[in-house]
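Heads up: the structure comes next, in structure tokens.
Residue numbers (my numbering): 515 to 890.
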């Protein structure tokens, strides 16, 4: 089967949609002939942010059995809609990632054509995939879902749990007992010796497109913790990075906040493994899932995330992590302090996090689901 995967951004650009497209390609490339189309490798017209018009798809897609469109993709979603009118026999599966809340007038204007044909485009798809039906039920297409629930399939994102794993699982088996003994000694010492700084990690784009990640909320919340017993490692880069550095400095946090830039996957995993918790303080529904959450869960560390549709279903509150009110500095501060002050609970959450990742977010589970969808 020949599959055209169409996405608005693709690695090395950092972002959840592109990352999910890359992982899907890697998961299925040995079983299907998959060709990726994105602004990075296709001739574009009127490119703006993550939007672009890929006119050449009207010609190129004739050779494919199945189109897998990652939505939103303003400019090209309209091309797929037009292609399906001309070639209704070609199968179409749409992966609906998220609503788009445009902040500028220009972006709102550019998104109008896509919004006008959205329901018609969804109608032309045989299946609509979403990482969380909870998100869909609260999204801009909730009325469409209510009318055609049979079109939708929940397919959670996945993570390579053989790569993303707790630090002790990276050791040869004969060394794991030694590692566990050392860990036990550390835990006993912490009962009598003042603990080192609590290591928080944030992973996300630091550009205008990812304004919704909530970095200012996180920094403001940390500034409310009187004793700076914490350290924050921010992983990511973008055109807002200097603004966030200046904010950290103005809040007197520069000694506790490290901007590490974009890391390679091995370095990212090592940083996750050494962290005490990951925080995802997103402020609105532009955050639909949070792949970084399952990366952290797989590494055996608890998470703190905003109580948003989709995000709140990634883990169970108070079991593998904690939910916070979106945009609330005070609530975020309280949840961070809770994990700082309750190490036993945090360690237990980390153990449960790994169990959840292996059970729900392994590649094997997702591969079976996609094979059933594609081979229908």
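Think of the CB as a built atom: it goes at the ideal place given N, C-alpha and C, for glycine as much as any other residue. Since this is a predicted model, take the numbers as computed values, not measurements.
Neighbourhood of residue i by C-beta distance below 6 Å, restricted to the same chain and skipping five residues each side
i: residue 771; result: 746, 762
i: residue 537; result: none
i: residue 824; result: 646, 648, 649, 802, 803
i: residue 836; result: 818, 849
i: residue 700; result: Residue confidence for residue 700 is low, a pLDDT of 46 falling below 50, so the modelled location carries little weight; the figure read from the coordinates is stated next. Around residue 700: no qualifying Cβ.
Reference residue i, options the options, closest by Cα
i: residue 520; options: 565, 883, 681; result: 565
i: residue 810; options: 839, 870, 730, 849; result: 870
i: residue 728; options: 638, 794, 713, 547; result: 794
i: residue 672; options: 602, 878, 890, 841; result: 878
i: residue 808; options: 792, 798, 638; result: 792
i: residue 634; options: 612, 593, 644, 674; result: 593
i: residue 812; options: 533, 590, 866; result: 866
i: residue 515; options: 643, 605, 544, 579; result: 579
i: residue 678; options: 637, 868, 667; result: 868
i: residue 681; options: 739, 829, 555, 814; result: 814
i: residue 752; options: 532, 820, 724; result: 724
i: residue 587; options: 881, 599, 552, 884; result: 552
i: residue 599; options: 769, 710, 785, 637; result: 637
i: residue 790; options: 766, 744, 797; result: 744
i: residue 575; options: 544, 596, 670, 715; result: 596
i: residue 533; options: 779, 858, 853; result: 779
i: residue 559; options: 797, 589, 540, 546; result: 589
i: residue 631; options: 655, 651, 644; result: 655
i: residue 826; options: 554, 652, 666; result: 652
i: residue 524; options: 712, 542, 556, 546; result: 556
i: residue 613; options: 799, 843, 851; result: 799
i: residue 755; options: 741, 730, 860; result: 730
i: residue 658; options: 676, 610, 675, 669; result: 610
i: residue 898; options: 581, 577, 726; result: Only positions 515 to 890 of the chain appear in the structure, and residue 898 is not among them; the question remains open.
i: residue 832; options: 543, 860, 839, 663; result: 860
Extent of the continuous beta strand (DSSP E) to which residue i belongs
i: residue 585; result: 580 to 585
i: residue 566; result: 565 to 567
i: residue 869; result: Here residue 869 belongs to no beta strand (DSSP E); instead the alpha helix (DSSP H) covers 857 to 874.
i: residue 726; result: Taken as a continuous stretch (DSSP letters only), residue 726 belongs to no beta strand (DSSP E), as it is neither H nor E.
i: residue 773; result: 771 to 775
Which residues DSSP lists as bridging residue i, in chain order
i: residue 819; result: 794, 837
i: residue 644; result: 668
i: residue 608; result: 583, 642
i: residue 760; result: Answer by DSSP bridge pairing: none, since residue 760 is not bridged.
i: residue 518; result: 549, 581
i: residue 712; result: 744
i: residue 717; result: 749
i: residue 559; result: 567
i: residue 544; result: Answer is none; residue 544 lacks a bridge partner.
i: residue 637; result: DSSP, once it has assigned bridges, lists no residue as partnering residue 637.
i: residue 831; result: 835
Limits of the unbroken alpha helix (DSSP H) element including residue i
i: residue 674; result: That residue, residue 674, is in no alpha helix (DSSP H); it is neither H nor E in DSSP.
i: residue 879; result: 877 to 888
i: residue 748; result: Segment 744 to 749 is the beta strand (DSSP E) holding residue 748; no alpha helix (DSSP H) there.
i: residue 806; result: 805 to 812
i: residue 656; result: 656 to 661
i: residue 781; result: 779 to 787
i: residue 600; result: 591 to 600
Close-in-space but distant-in-sequence residues of the same chain around residue i (CB under 7 Å, 5 per side omitted)
i: residue 750; result: 528, 717, 718, 719, 720, 776
i: residue 782; result: 749
i: residue 641; result: 607, 665, 667, 887
i: residue 854; result: 712, 743, 744
i: residue 759; result: 773
heavy atom of the ligand SAM below 7 Å from residue i C-beta
i: residue 711; result: Among the components of this structure there are no ligands whatsoever, and the ligand SAM is therefore not found.
Cutoff 8 Å: residue i Cβ touching any chain D Cβ
i: residue 583; result: As a matter of chain content, chain D is missing from the structure shown, which is built from one protein chain.
Close-in-space but distant-in-sequence residues of the same chain around residue i (CB under 8 Å, 5 per side omitted)
i: residue 785; result: 715, 747, 749, 774, 777
i: residue 591; result: 583, 585, 628, 631, 632, 635
i: residue 546; result: 515, 516, 517, 888
i: residue 539; result: 519, 548, 550
i: residue 875; result: 670, 671, 672, 673, 675, 808, 811, 812
Could you check whether the segment 723 to 742 touches the segment 838 to 850, counting it as contact only if at least three pairs of C-beta atoms, one from each stretch, sit closer than 8 Å? yes
Inter-stretch contact at 8 Å, needing at least 3 Cβ pairs: the segment 764 to 781 / the segment 801 to 817: no
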